Structures are given as structure tokens and as C-alpha cells.
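Novice: Numbering (the numbering used here), first residue to last: 2 to 89.
Beta carbons are placed, not taken as given, at the ideal position from N, Cα and C, and that holds for glycine.
Just so you know, these numbers come straight off a predicted model, no measurement behind them.
Would you mind keeping the following structure in view while I ask a few things?
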């Protein structure tokens, strides 16, 4: 009887830990997604401003396309790494 109770308690604790971890991962990804959306918005505004001033922004445009594709696929880590390399 004690063994069954111990196994039941351990199983419940394991489920609670796994559930808490899953919630953490979900909320962390949603926060990262929101932060990336803010960064993209700022970058797009700056991109349009510089393009209107006559600057050559073609490289930034290509990078934004790649970043947007990765973002749509849910590959937020790649977007963050790529943005970090470019100082965005």
C-alpha cells in the first residue's frame, strides 16, 4: 500500500513539474514573439524613413525578408541571432 501511494505521489509531482515547465516555455515564447514584433515595427519604420531619404537599403530589405520567413515558421531563435549580428 505504501509503495502505491509513493508511486502516485511521485507521478503527481512529476505531472505538476512538467505542466509548470510547459507553461513557462509557452509564455516565454509568446513574450519573445511580442518583442520581435516590436523590433520589426521599429525596423520597418526606420527602413522606410531611410529609403525615402535616398539611402540604399536593399541589403536590409533582403535580411528583413529572411527574418520574416523565419518568424512565420516560428523560428524565433534564428531571428534573434540574426538581428543580434546586425545590431537590430
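1. Is it buried or exposed for residue 46, if we count other Cβ within 10 angstroms and need 16 for buried?
2. Output the distance between the C-alpha atoms of residue 9 and residue 30, rounded to the nearest integer angstrom.
3. Taking CB distances under 8 Å as the criterion, tell me whether residue 12 reaches chain B.
4. With a 10 Å radius around its C-beta and 16 neighbouring C-beta atoms as the bar for buried, classify residue 15 as buried or exposed.
5. Can you tell me whether residue 56 is helix, strand or coil according to DSSP?
6. Within the chosen definition, does the stretch 60-76 reach the stretch 16-29 through at least 3 CB pairs nearer than 8 Å?
Specialist: Taking the structure as given:
1. exposed
2. 32 Å
3. Annotation note: the requested chain B is absent from the structure, which comprises a single protein chain.
4. exposed
5. coil
6. no
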